[in-house]
Amino acid sequence: EQLAEEHKVAPLSVPDLDPTKVVIPEDGPLIYEFDVEVRPEFDLPNYKGLKLRRPVRTFNDQDVEEEERRILGRVGQLVPKPEGNAQVGDYLICDIHTHDGGRTISDLKEVKLRIEPRLAFKDAVVENFGAQMKGAHAGQTRSLELTLSESSADPGLQGKKVQAEFAIHDVKTMRLPEVTHELLHEFGVHSREQLRERIRVLLQWRLEYLQRESARQQVLEQIDAASRWELPEDLLARQAHKALARKIIDMRSSGMSEEEIRGRRRLLEQDVLKSTALALKEHFVLQKIAEVENIDISEDDLNEEIERMAEQAGESARRVRARLEREDSLDALATEMVERKALDLILQSAEYEDVPVGAQEEAPVATVEEQAVPGEMQDPTAVPPPAPEAPAGETAPPAQG
25 EQLAEEHKVA PLSVPDLDPT KVVIPEDGPL IYEFDVEVRP EFDLPNYKGL KLRRPVRTFN
85 DQDVEEEERR ILGRVGQLVP KPEGNAQVGD YLICDIHTHD GGRTISDLKE VKLRIEPRLA
145 FKDAVVENFG AQMKGAHAGQ TRSLELTLSE SSADPGLQGK KVQAEFAIHD VKTMRLPEVT
205 HELLHEFGVH SREQLRERIR VLLQWRLEYL QRESARQQVL EQIDAASRWE LPEDLLARQA
265 HKALARKIID MRSSGMSEEE IRGRRRLLEQ DVLKSTALAL KEHFVLQKIA EVENIDISED
325 DLNEEIERMA EQAGESARRV RARLEREDSL DALATEMVER KALDLILQSA EYEDVPVGAQ
385 EEAPVATVEE QAVPGEMQDP TAVPPPAPEA PAGETAPPAQ G
């Protein structure tokens, strides 16, 4: 902290210090060099009075009923749907044959998946999945386009579009449970009306999250256009996990279910370096604005946020804090809160043009644990192997600090 203050730098992580390499001189000052990653220097243009587009929508009774079915479906029973006619929310049992032209990539058997607007494998995404599967029944085969991720196990297929045939064996639907007092109590409410009111609040929280994400992107675009700067890939790789942790914290703070978070996380992981670059730039910009505006949070602020997250999740604050500590995410939560305050400051002075929410922006994502391309996926965030030690009699060059 002292070095950061004296040299006016913003470290991104704790310096890589190795006490075993410290040599105490017999005479003169102790000099120890080390590496530390710091935030890049850039100029902040005017960030007040920005013109922003704000996605808006009004939730009606049908929206509430659909979300209620989704929530109750988590404790429902999967039953056959003999007539087929698959719809969003139904489940398919199918074989998936993926190929690139005449070359077979994979043959997956008996895969169970939920029909949602988008489908995400570990290493691929199918856009408009729900629309393309609408009306399907057992015995049909439907051909869809997959976009493979940049982490695909086959370097020659990374980022490529390929075809997949979904051979449907069975269509199932979710039989919802009877809404009893006991079930309502499990959701932390005492009546059906209270459940639907809570759902309306959750839908509004999601919309506010979407509005914040849209604002972040637009603010970054305007600042980036005024002062363009690129981030090196090695920095992106090292910071990817922290950037993803901050995103997940923000999603949880917005009341998203673990199922929703899993879908959004899977999309971010399709091109981890690109998503990390965007997240890091947002982080750098908002942190710098927070410094300029002297924005900080207190321990009381942190406790209040944990209480709010607990209320949204229907858990105790103690349990939420324990999970954050176990995942080593308390610092990420504090960072996200500072950035949220900085963004709120920008939004307070912004001029808005309301625009309808795009269907793709709020489309749920179904996930499956299978890979479209077999083999070990490439991890661009993997820590490189340590450099070989210098042979006896040679001295490794000193670290640059």
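With my numbering as the guide, the letters of the sequence shown map in order to residues 25 to 425.
C-beta: ideal position from N, C-alpha, C; glycine also.
Considering L200, what are the terminal residues of the alpha helix (DSSP H) in which it resides? No alpha helix (DSSP H) contains L200, which DSSP labels as neither H nor E.
Is F211 helix, strand or coil by DSSP? coil
Are the stretch 273-280 and the stretch 221-241 in contact at 8 Å, needing three or more beta carbon pairs? yes
Are the beta-carbon atoms belonging to A188 and L255 less than 9 Å from one another? no
Per DSSP, cross-strand counterpart(s) of T391: A144
Within 10 angstroms of its Cβ, does R290 collect 16 or more other Cβ (buried), or is it exposed? buried
Report yes or no: do three or more beta-carbon pairs, one from the stretch 235-246 and one from the stretch 304-315, lie closer than 8 Å? yes
Rounded to a whole number of angstroms, what is the C-alpha to C-alpha distance between R138 and E91? 15 Å
Any idea if Q395 is buried or exposed, counting beta-carbon neighbours within 10 angstroms, 16 or more meaning buried? buried
Hey, N109 and G163: beta-carbon distance below 9 Å or not? no
So the beta strand (DSSP E) D119 belongs to, where does it begin and stop? Y115 to D124
Which term fits S176, buried or exposed, when burial requires 16 or more other beta carbons within 10 angstroms of its beta carbon? buried
Taking just the CA atoms, how far does A356 sit from R343? 17 Å
9 Å Cβ cutoff met for A264 and K75: no
Could you give the C-beta distance for D147 and V362, rounded to a whole number, given that I count them as a contact under 8 Å? 34 Å between Cβ atoms; not a contact.
Simplified DSSP state of A177, which is helix, strand or coil: coil
Counting only the same chain and skipping the five closest in sequence on each side, list residues whose C-beta sits under 8 Å from that of E317. A366 and L369
Please name the residue in V150, E323, I95 and R142 whose C-alpha comes closest to that of E210. I95
On the criterion of 16 or more Cβ atoms from any shown chain inside 10 Å, does L68 qualify as buried, or is it exposed? exposed
Rounded straight-line distance, which links the Cα of E50 to that of K271: 50 Å
Between which two residues does the beta strand (DSSP E) holding Q101 run? Q101 to P104
Cα separation between A269 and D87? 30 Å
Cβ distance (whole Å) where H123 is taken to contact V186 below 8 Å: 7 Å
First and last residue of the uninterrupted alpha helix (DSSP H) at I285: E282 to Q294
Using the DSSP secondary-structure output, state which residues sit across from P79 in a beta bridge. V379
Once you ignore the five residues that flank K136 on each side, which residues in its own chain have a CB closer than 7 Å to its CB? Y115 and I117
Per the DSSP calculation, L219 is bridged to which residue(s)? None; L219 has no bridge partner.
Apart from the five residues on each side of it in sequence, which residues of its chain come closer than 7 Å, Cβ to Cβ, to S130? T122, A396, V397 and P398
Residues near T44 in its chain [Cβ-Cβ closer than 8 Å; skip 5 each side]: none
Between which residues of its own chain and L170 is the CB-CB distance below 6 Å, once the five residues before and five after are set aside? A148, V150, V186, A188 and A396
The beta strand (DSSP E) enclosing L255, as first and last residue numbers: No beta strand (DSSP E) holds L255; DSSP gives it neither H nor E.
Considering just the uninterrupted stretch of the beta strand (DSSP E) at V135, what are its terminal residues? R127 to R138
Which residues does DSSP list as the beta-bridge partners of R166? F190
Leaving out the 5 sequence neighbours to the left and right, which residues in its chain are closer than 8 Å to I285 when beta-carbon positions are compared? I272, M275 and R276
Quick one: complete beta strand (DSSP E) runs, 3+ long, within the stretch 328-370? none
So the alpha helix (DSSP H) A155 belongs to, where does it begin and stop? F153 to M157
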